[in-house]
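A short worksheet on the structure shown next.
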């Protein structure tokens, strides 16, 4: 029964992404960004989370959201989250009342419909094989997007990690925070149990998200030391 529910979820997402992404791409050329983001992109993500909840039996619990709002009141914001699953990439924009921009691998732009929509939402695509160029893109585009009022979301472990596993925390988010006078808001995400990495199966249960207080970089702080505080 579990695999039947999971198959139904992916079928619904695959069928609905085609018209949703098509509308988003067209709207991105004629409508203001916030209209494109909140009226075309975000509703599909909210539909996806609702589908996973009602069909797959995966509920969500988010705590500490006020920490994010407090941090964003007077600061540029970089969100650093654990990354156990694809689930959090869908969840964050669906619940945050502010435009967000992911730092993501540019190969996703080639995915039909879904990738095309991401490409029109003005985020930060990078080529992981070009390390120096990748950082320059993160620094320049990230600063510009924060100036436009967006929250930047980065996964310090760079890729999904299995439940209970921890990868090396890379210092890119810390470097960006120090360079742009931004604060870092850490998020603990326990999603691997309900949607394991590289899995097509949903497991009924609860996905927990906990947002911590903002971490303010110290003047002249070493990026690795700052990332240790985030970790």
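Numbering (this note's numbering), first residue to last: 876 to 1106. Think of the CB as a built atom: it goes at the ideal place given N, C-alpha and C, for glycine as much as any other residue.
### Query
Which same chain residues, not among the five before or five after residue 911, have their C-beta less than 7 angstroms away from its C-beta?
For the purposes of this step, residue 911 is taken as the residue at position 36 of the chain shown. Contacts found: 899, 902, 903.
### Query
By the 10 Å Cβ neighbour count, where 16 or more other Cβ atoms means buried, how is residue 1073 classified, buried or exposed?
On the chain shown, position 198 is the one that residue 1073 refers to. Answer is exposed; the Cβ neighbour count stays below 16.
### Message
Mapping the DSSP letters down to three states, classify residue 913 as helix, strand or coil.
### Response
Along the chain shown, one-based indexing puts residue 913 at 38. DSSP places residue 913 in helix when its eight states are reduced to three.
### Query
Since residue 879 contacts residue 1080 with CB under 8 angstroms, what's their CB separation in whole angstroms?
As a working mapping, residue 879 is identified with position 4 in the chain shown. As a working mapping, residue 1080 is identified with position 205 in the chain shown. Their Cβ separation, rounded to whole angstroms, is 18 angstroms, which puts residue 879 and residue 1080 out of contact at 8 angstroms.
### Query
Apart from the five residues just before and just after residue 883, which ones in its own chain have a Cβ nearer than 7 angstroms to its Cβ?
Reading the chain shown from its first residue, position 8 is the one you call residue 883. 930.
### As assigned by DSSP and simplified to three states, the class of residue 1080
Within the chain shown, the letter at position 205 stands for residue 1080. Reduced to three states, the DSSP call for residue 1080 is strand.
### Query
How big is the Cα-Cα spacing for residue 926 and residue 1051?
As a first step, residue 926 is located in the chain shown; it is residue number 51 there, counting from the start. As a first step, residue 1051 is located in the chain shown; it is residue number 176 there, counting from the start. Rounded to the nearest angstrom, the two C-alpha atoms are 35 angstroms apart.
### Query
Going by the C-beta, is residue 962 closer than 6 angstroms to any heavy atom of the ligand ADP?
The ligand ADP is not part of this structure, which contains no ligands at all.
### Message
Quick check on this structure: which residue in 907, 928, 895 has the alpha carbon closest to the alpha carbon of residue 1066?
### Response
Along the chain shown, read from residue 1 onward, the residue named residue 1066 stands at position 191. Closest in alpha carbon position to residue 1066, among 907, 928, 895, is 928.
### Task
Locate the beta strand (DSSP E) running through residue 953, then write down its first and last residues.
On the chain shown, position 78 is the one that residue 953 refers to. That run of the beta strand (DSSP E) goes 951-956.
### Task
Would you tell me roughly how many angstroms separate the C-alpha atoms of residue 970 and residue 1086, rounded to the nearest one?
Within the chain shown, the letter at position 95 stands for residue 970. Within the chain shown, the letter at position 211 stands for residue 1086. Each residue's Cα considered, the two are about 13 angstroms apart.
### Query
With DSSP run on the structure shown, which of helix, strand or coil describes residue 894?
As a first step, residue 894 is located in the chain shown; it is residue number 19 there, counting from the start. Correct three-state label for residue 894: helix.
### Message
Taking the straight line between their C-alpha atoms, what separation do you get for residue 1010 and residue 1090?
### Response
Within the chain shown, numbered from 1, the residue matching residue 1010 stands at position 135. Within the chain shown, numbered from 1, the residue matching residue 1090 stands at position 215. Counting only the Cα atoms, residue 1090 lies some 21 angstroms from residue 1010.
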